[in-house]
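In what follows, a structure is listed as C-alpha cells, so that the remarks can point back to it.
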Amino acid sequence: MAPLQITALTAERSALALPDLPWDAPLSRWPAEHLAALPRGISRHVVRFVRLADSVVAVKENTEELVRREYGLLRMLRRLDVPCVVPVAVVTGRADPDGEPLDPALVTQHLQFSLPYRALFSQSLRPDTATRLVDALAVLLVRLHLAGFYWGDVSLSNTLFRRDAGEFAAYLVDAETGELHQELSDGQRENDVEVARINIAGELMDLEAAEYLDESVDPIEVANSIVDRYHTLWEELTGQESFEQGERWRVQARIERLNELGFDVGELSISTDVGGAMVQIQPKVVDAGHHSRRLLRLTGIDAENNQARRLLNDMDSFIAASDRQNDDEEIVAHDWLAQVFDPVVRAIPRKMRRKLEPAEVFHEVLEHRWYRSEQAGRDIPLLEAARSYVEEVLAQRPDEQALILQTGLMDTGQMKAVGMDRDEAPLLGSTGPDGSDDADDPESDRIDGWLSSHG
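UniProt numbering numbers the first residue of the sequence shown as 1 and each following residue consecutively.
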C-alpha cells in the first residue's frame, strides 16, 4: 500500500494542517467535527467544506489523473489572474483501515462571502437576479477565453458568485473539463457559449419547477441573453475599428470605453491603409480589473471591480466637495481613506464585521444613506447613515459563523433538479446517526437565514 502523499502549495498556511484530517475515511463519512456547513452547489463528485487551522477549505474526491490535472489548471489560471478558486493541495495514496484504496482528493480554499447560484435562490430575490448572474458569468467566460482557457462545461453550477456593489462577480470553481491553449479558435469559443446557453436554461427551469424563480422570468430568454452579452463584450474588447485619419480621438475613446467596462489595454494594434487615409485599431492585450487596480494603488483596498468603481466615484465626490481637483491624487486618496472610508468601517461593531466585506459594507451604507436622505428630505451625514444602517440592516444579518451546523431552517437540499436522485444535490454537510456526514438524508443540509442577505 502506497503511503499518503500530499502535494501542497507552501504559500498556503492551511496546507500545514492537512495531515491532521481523517484521510483514511471516505469523504462522505468524515465526522461532523471537521466539517463547515457552508452552502455547496451541485457536483458530480463528493465535495465537503472542511475546517482547517484558521481557515475553511473545499475537498473534492476524484481520480488521480483528474485531480492532478485540475490542480495544475487552477494554478495556471491563478497566474493568469483569472477569477477562480485557489488550489491548495492534491492528496493521493489514501486507504481505509483495511487497506482498501480511497479516491484521491483536490483541496481548494473556500472563497469567502461566495455562494452557489441555487443558494442565492433559496430566499426571495430581486426579479432580475437571474439576469445579473448570467451577466457575471458572461464576463467570466470572456476573461477565460482571453486567457486561452476552454471551459467545456460552462454553467451556473460550476461557478461561485460574490456580491459586487449591487451586481455579482463570478468565479470558476470546476476546471476538470477545461483546456488551456495559446489562443482559442472561434469554434471553441462558440461551443462554450452554446454549452452555457443550454446549461443555464436547464438550471433556471429547475428553479422554475421548484417555484424559486420569479414568475416574470423566462428561463429560455435569460439563458439566450448570455449569447448577446458575451458577443457584445468580446467584440468591444477584441474587435477591429476603422476611422478616418482626422478622427484619431477615437483611439482614446476606445480605450476609455474599455476602461469603463473594467478593462485595461496593455497593447493596441494601429495600422493604416495604403494611402494613409484610414486608420484601423484593434486591442491585442486587455486585462480585467481596471477599477480594482486603481483603487488598490491609491488606497490599498482590494475590492471587486464594481465595488472599486463605487468607491472611486465616492472619492471623486469627495475631491469635488473639498475643491481639491488640482491636488495630488494619491494625497487626496489618503485623506478620503482616513476621513471617509475608515470611519464608516470603524462604525461597524467588531462582532458584525464578518457579515460582509468592508467594500460591500461601504457600498451598502452609501445606498442606505441615499434612501434615508430621500425619506428625510435632507442630506443625511455619512456616519449617521452608517449607524442607522448597522441598526436597521446589518444587525438583522448573522455572519458566516452562524452557518456552522445549524438546523431547523430553510433546506436548499429540497431544491433538487427535476428528476434528480436525492443524493445528487446535497448543499451542506449534515450528520447522520453515527455522527458522520450523511449525503443520503433528504432533510439534511440546512442553510440559515444568512442567505436572505445575499442577493
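The beta carbon of each residue, even a glycine, is placed where N, CA and C say it ideally should be.
- Assignment of Q109 by DSSP, reduced to helix, strand and coil, places it in the strand class.
- By the C-beta criterion, the segment 13 to 32 is judged not to be in contact with the segment 130 to 140, since fewer than 3 inter-stretch pairs fall below 8 angstroms.
- Look at K60 here: in three-state DSSP terms it is strand.
- When DSSP states are grouped into helix, strand and coil, D287 belongs to the strand group.
- DSSP places F243 in the uninterrupted beta strand (DSSP E) bounded by E241 to E244.
- DSSP lists no bridge partner for L295.
- In the assembly as shown, L16 is an exposed residue. Its beta-carbon has fewer than 16 other beta-carbons within 10 Å.
- Taken through DSSP and simplified to helix, strand or coil, Q339 comes out as helix.
- About 7 angstroms separates the beta carbon of L311 from that of I301, a gap short enough to meet the 8 angstroms contact definition.
- Here W30 is buried: its Cβ has 16 or more other Cβ atoms, across all protein chains shown, within 10 Å.
- Residue T159 holds the alpha-carbon nearest to the alpha-carbon of A196 among T159, Q282, E70 and E260.
- Within the same chain, and ignoring the five residues on either side of I380 in sequence, the residues whose Cβ sits closer than 8 angstroms to its Cβ are R369, R372, S373 and S388.
- In the structure shown, T177 falls within a coil segment according to DSSP collapsed to helix, strand and coil.
- Rounded to whole angstroms, E211 and M205 show a C-alpha spacing of 10 angstroms.
- Between D96 and the set P104, V90 and A89, the nearest pair of CA atoms involves P104.
- Residues F121 and L213 of the same chain have their beta carbon placed closer than 6 angstroms to that of L207, with the five preceding and five following residues left out of the count.
- Excluding its 5 nearest sequence neighbours in each direction, Y117 has C-beta neighbours in its own chain below 8 angstroms: G41, L133, L156, S157, T159, F161 and E203, listed in chain order.
- Proximity of the segment 72 to 81 to the segment 185 to 201 falls short of the contact definition, fewer than three beta-carbon pairs being nearer than 8 angstroms.
- One thing to note: A169 has its Cβ within 7 angstroms of the Cβ of E304.
- Relative to G178, the option among A201, V193 and F149 whose CA is nearest is F149.
- Nearest C-alpha to H363 among A147, S269 and E167: E167.
- Cβ neighbours of H290 within its own chain (closer than 7 angstroms, five residues either side excluded): N259, G262, F263 and D264.
- If only uninterrupted alpha helix (DSSP H) runs of at least 4 residues are considered, those enclosed by the segment 180 to 210 are 186 to 209.
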